[in-house]
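Q: With mature numbering (1 follows the signal peptide of the UniProt record, and there is no 0) applied, the sequence shown covers -20 to -1, 1 to 354.
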Amino acid sequence: MKKLLITSLSLFMLAIPATSCVVKNNNINQIKQEDSEFKLYTNKSIKKMLEVYTKKDKSYDLYIDQQENKPYSKYDELRFALTFYPIFNSINVRHNSQYEGINLTAKSVIENTLSNDWYWVINNIDKFQYTFNPYGDYYKKIDDIKINGITYNDEFLFNKTKELFKSSVQKIKNKAPIELITFDIKDITDKDLKELKTQTISDKLDYSYVKFEEKSIYKKKQAWYLVFDNYKVLKIWKYEFNNKVYLKILPDLLILKNSNNIKQLKQQLENLEKMIHKKRVDELNRKIKIEKENFDPEDYGIENGSDFKFSIQQYLDKRYKDNDESFMKFQETHQYNDILMQSINEINKEALQRKENTKHELDIFRFSMRYIYG
């Protein structure tokens, strides 16, 4: 994968000034000096992650050794990948015929790095640059909403970001995490689906006996939040598949500056997880409602009223693909990325509605991975 990306981008690499070689050598010396001063695996949160990831077997030391001795070309590889697959606007390059191969290769490099090389990422997390990203899928703008005398939209969010952070770019200053906060990830069940229980006069059949269980692929799913600089967090998905543990860092930096302590931060993150689950449930209910409204027995050749449940059950069993695998798939549209932004916007709108919030402060800011120095 590395050879393919570097080969594809070789022409672009020629444009780098020769003076960068001097900078690179200085950076290498700086990295070596930093490594000699601090070992990430001694951090209690990272140690826990390593123990879960390796199941405390002989691969524990081997994985650390491999991660701490990555070649310097890893920086170049990821830097070019982030250039040709920008996280904050990736959808616009996905179907570009001229660069499609490079785009998809770059996407794979980023995904594999955040998963297989998660330790290396955290060990270099202070070298990453994140840019403010208020967008969901398709670079979609937020509709104007009036809340307590202000207009909640993209312009408002960008202005608040610059007001608070003096920049639309952020980074983590201290790569040593201060806390690891974990939550179990709930599956969706038919108990969540009000559209299966709610009947109206226009409904053609009773859906209350239709059953739904999310087609879970992964086991023991958890959302991990690694806390840096007191109020900056990286989200990590932890799950098991075929008896193997996986950790996947998400490419977003969430900043919750209104958190005064870890307890308050944990409560805000728990609220975010609950909101994400709620938005997933709402989306499925919306799809079921559309299916009910558009259902016509004649389309299925159904004459017996007792068989009318076929339409919704078929939708849930065959056409509904929002299981955990697709929801957690890297940069998939109509999945986590969009639900995350719906959730953050909902939480921030609720914050603006609080009477005591006279300064119009927001609870969560989202920044996305843009560049890596090194």
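Yeah, the Cβ is synthetic: ideal placement off N, Cα and C, and Gly gets one too.
Helix, strand or coil, according to DSSP, for Lys200 in the structure here?
A: strand
Q: Under a three-way DSSP split, which group does residue 356 fall into?
A: Residue coverage of the chain in this structure runs from -20 to 354, which leaves residue 356 outside it and unanswerable.
Q: Report the three-state DSSP secondary structure of Tyr43 (helix, strand or coil).
A: helix
Q: Give the DSSP-derived three-state secondary structure of Tyr33 in the structure shown.
A: helix
Q: For Trp217, which residues does DSSP report across the bridge?
A: Ala203, Lys228
Q: Per DSSP, Met349 is paired with what?
A: Tyr110
Q: Where do the N-terminal and C-terminal ends of the alpha helix (DSSP H) with Leu264 fall, by residue?
A: 242 to 274
Q: Considering Cα atoms alone, identify which of Asn240, Leu230, Tyr219 is closest to Lys211.
A: Residue 211 is actually Tyr in this sequence, not Lys. The shortest Cα separation from Tyr211 among Asn240, Leu230, Tyr219 belongs to Asn240.
Q: Report the residue from Asn113, Asp167, Lys174 whose alpha carbon sits nearest the alpha carbon of Ser147.
A: Asn113
Q: Between Tyr198 and Leu249, is the Cβ-Cβ spacing less than 8 Å?
A: no
Q: Cβ atoms of Tyr115 and Arg350: under 8 Å apart, would you say?
A: no
Q: If you pair each beta-carbon of the segment 122 to 136 with each one of the segment 330 to 337, do three or more pairs fall below 8 Å?
A: yes
Q: Assign Ile344 to buried or exposed, taking buried as 16 or more other Cβ atoms, counted over all protein chains shown, within 10 Å of its Cβ.
A: Under this definition Ile344 is a buried residue.
Q: Would Val225 pass as a contact of Lys36 if the rule is Cβ separation under 8 Å?
A: no
Q: Within the continuous beta strand (DSSP E) that includes residue 431, where are the two ends?
A: In the structure as shown, the chain begins at -20 and stops at 354. Residue 431 is therefore absent and cannot be evaluated.
Q: Provide the residue(s) that pair with Asp164 in DSSP beta bridges, ordered along the chain.
A: Gln202
Q: Which residue wins for smallest C-alpha separation from Asn23, given the options Asn128, Tyr40, Glu159?
A: Of the candidates Asn128, Tyr40, Glu159, the one whose C-alpha sits nearest the C-alpha of Asn23 is Glu159.
Q: So for Thr313, helix, strand or coil by DSSP?
A: coil
Q: For Glu159, which residues does DSSP report across the bridge?
A: The partner list for Glu159 (beta bridge, DSSP) reads Val207.
Q: Compute the Euclidean distance between the alpha carbons of Glu326 and Thr93, then round it to the nearest angstrom.
A: Straight-line Cα distance between these residues: approximately 31 Å.
Q: Pick from Tyr219, Glu48, Ser39, Ile90: whose alpha carbon is nearest that of Ser348?
A: Ile90
Q: Please identify the residue among Ile324, Glu312, Lys19 whose C-alpha is closest to the C-alpha of Ile67.
A: The candidate whose alpha carbon is nearest that of Ile67 is Glu312.
Q: Within this structure, are the beta carbons of Ile319 and Arg260 separated by less than 8 Å?
A: yes
Q: For Gln78, count neighbouring C-beta atoms within 10 Å of its own C-beta (all shown protein chains included) and say buried if the count is 16 or more, exposed if not.
A: exposed
Q: Roughly how many whole angstroms lie between the Cα atoms of residue 394 and Pro157?
A: What the structure shows of the chain is the stretch from -20 to 354, and residue 394 is not part of that stretch, so it cannot be assessed.
Q: Closest by CA to Pro51, which one among Ile127, Leu84, Trp100, Thr85?
A: Trp100
Q: Can you give me the start and stop residues for the beta strand (DSSP E) that Lys153 sits inside?
A: No beta strand (DSSP E) holds Lys153; DSSP gives it neither H nor E.
Q: So, helix, strand or coil for Thr338, using DSSP?
A: Coil.
Q: Within 10 angstroms of the Cβ of Lys191, are there 16 or more other Cβ atoms? Answer buried if so, exposed if not.
A: exposed
Q: Determine whether the beta carbon atoms of Lys218 and Leu230 lie at a separation below 8 Å.
A: Contact check for Lys218 against Leu230 fails: the beta carbons are separated by 8 Å or more.
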